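Residue numbers (our numbering): 1 to 490.
Glycine included, every Cβ here is placed at the ideal spot set by N, Cα and C.
It should be emphasised that the depicted structure is a prediction, and the values quoted were computed from it without experimental measurement.
Report on the following structure.
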Ligand SMILES: *Cc1c(COP(=O)(O)O)cnc(C)c1O
């Protein structure tokens, strides 16, 4: 038998792949260890990248080297470098090297784990990796897990399960034009992430169904106000459905009183979903077990390894003590997806809206093995130490003030010069200008929020290569720019 001849309709050959992959590997190795040579916040103007590229695809294929050259020349300038140790905006994240390697492999394998048989390994490794993570987080075995892309989608599934459980027949009859179903209510604090808003919108409850409960002086949901809102809704003929408690809110990383909220949910028969997207992983650190202690009473919970667990975007871990309800909401098997082993195995398509799903568990497994539980804990603890250092500098400086407690690795603060009178408006203008000035430096990228009407700067630590040097440099830069700005008339 003769060897098959290479087809003109085939893919890149193995030799060429080896050569291009070697160039790419070199580029990535330099990038991971040297992303600091780029300005962390991209300096392009809107439309620059689009304008630098042809409006139509090439008619003839081009050499891969030319494509990589253009990647470096045209695309890289338009990157904001999330994988940069000076990235302190929003929540700082990391694509760690073992995670990047796992993604490379995952792309090559192209597993699509809708059914157990379409990828026994992806299906079972997901169970194993989520089991490891659950143990590290100190959650009881009763929690079953599934991987989704983002916390937004995880929360949507949690609230869809709540709706399935609370509204009889919703799967068949929906919500529209059902006189016997009262308007539903979902409760969260005023500091809850906007993904909760989007979930209630998408689930057909209406945005007005979301009750934003006021927070206390430390930005935690007020449980007395929660109880009052539930009573008021019942009195008005509404049906309370679920509460979302946040462990690590987006603005300040405050932690809602989950134990008391869980008691309210038990008393009132409501589903409790805990959004621990950012801070949940801190529960692994000795001394921080309290972070998820009470979350064990939740019906569902989300933690994002792609946020503070060194996992390349995206990978969100959803856990539920009632995965049967999630399945009741979502499982549906058309004829062409029926398999003989159904019943003995888990089919991942049954626990979510997506049919196809990629092999995300591979990176979580590789990362946990490569760093080990100890290595992960040490890195998280280091980020908390760096944040405490920064918070200490803010506290000790008469021209700055802290605007929230910093229980994890995020510090909310602002410049507030000790000389002169500063109105809230003037302070907002000063700090907004300070934000722009430090971000224009290219050395660091920070973001802002509003706390009780006050404009706050946020410094979030979470990149695996961030050290004392970066945090010191950030503080010096912020102080220097504040000094320059206050020479002007604000
Ligand atoms: C980041 C964050 C989210 C959204 O995360 P995605 O994975 O991007 O959807 C939701 N809730 C909290 C508390 C977060 O910190």
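Cut-off 6 Å between Cβ atoms - residues of its own chain near residue i, not counting five sequence neighbours on either side
i	result
residue 126	147 and 361
residue 304	151, 277 and 316
residue 233	185 and 240
residue 445	40, 41, 87, 89 and 439
residue 83	35 and 95
residue 486	417
residue 424	none
residue 255	247
residue 287	none
residue 199	155, 156 and 159
residue 67	none
residue 295	258, 274 and 301
residue 20	64
Any non-hydrogen atom of ligand 1 closer than 8 Å to residue i Cβ
i	result
residue 278	yes
residue 347	no
residue 91	yes
residue 304	yes
residue 158	no
residue 493	The first residue shown for the chain is 1 and the last is 490, placing residue 493 beyond what the model contains.
residue 466	no
residue 387	no
residue 450	no
residue 316	yes
residue 151	yes
residue 479	no
residue 80	no
residue 246	yes
residue 252	no
residue 339	no
residue 123	no
residue 275	yes
residue 155	yes
residue 249	yes
Cβ-Cβ distance between residue i and residue j below 9 Å
i	j	result
residue 468	residue 389	yes
residue 260	residue 223	yes
residue 400	residue 482	yes
residue 406	residue 251	no
residue 120	residue 376	no
residue 102	residue 312	yes
residue 238	residue 182	yes
residue 326	residue 157	yes
residue 109	residue 347	no
residue 229	residue 208	no
residue 411	residue 460	yes
residue 258	residue 242	no
residue 387	residue 371	no
residue 283	residue 272	no
residue 106	residue 463	no
residue 136	residue 364	no
residue 358	residue 85	no
residue 189	residue 163	no
Unbroken alpha helix (DSSP H) run spanning residue i, endpoints
i	result
residue 320	Run containing residue 320: none in the alpha helix (DSSP H); it sits in the beta strand (DSSP E), 316-320.
residue 305	305-308
residue 126	120-137
residue 145	Careful: residue 145 lies outside any alpha helix (DSSP H), inside the beta strand (DSSP E) at 144-148.
residue 271	Unbroken run through residue 271 is the beta strand (DSSP E), 271-275; no alpha helix (DSSP H).
residue 323	323-330
Beta-carbon contacts of residue i that lie in its chain and below 7 Å, excluding the five residues immediately before and after
i	result
residue 160	203 and 329
residue 216	222
residue 341	116 and 117
residue 475	390 and 393
residue 29	none
residue 427	414, 416 and 455
residue 479	none
Cβ shell of residue i (< 8 Å), same chain only, five flanking positions each side left out
i	result
residue 489	Only weak support is given to the placement of residue 489: the predicted model assigns it a pLDDT of 47, under 50, and the value that follows is read from those uncertain coordinates. Result list for residue 489: empty, nothing under 8 Å.
residue 318	145, 146, 147, 148, 154, 157, 158, 300, 301 and 302
residue 431	414, 415, 448, 455, 456 and 457
residue 264	223, 226, 227, 230, 243 and 270
residue 24	68
Residue interval of the beta strand (DSSP E) (run including residue i)
i	result
residue 457	454-460
residue 385	Careful: residue 385 lies outside any beta strand (DSSP E), inside the alpha helix (DSSP H) at 361-396.
residue 212	210-213
residue 423	Note, residue 423: premise wrong, no beta strand (DSSP E); not H, not E.
residue 76	Run containing residue 76: none; DSSP gives neither H nor E here.
residue 25	Note, residue 25: premise wrong, no beta strand (DSSP E); alpha helix (DSSP H) at 14-34.
residue 44	Element bounds for residue 44: n/a, residue is neither H nor E.
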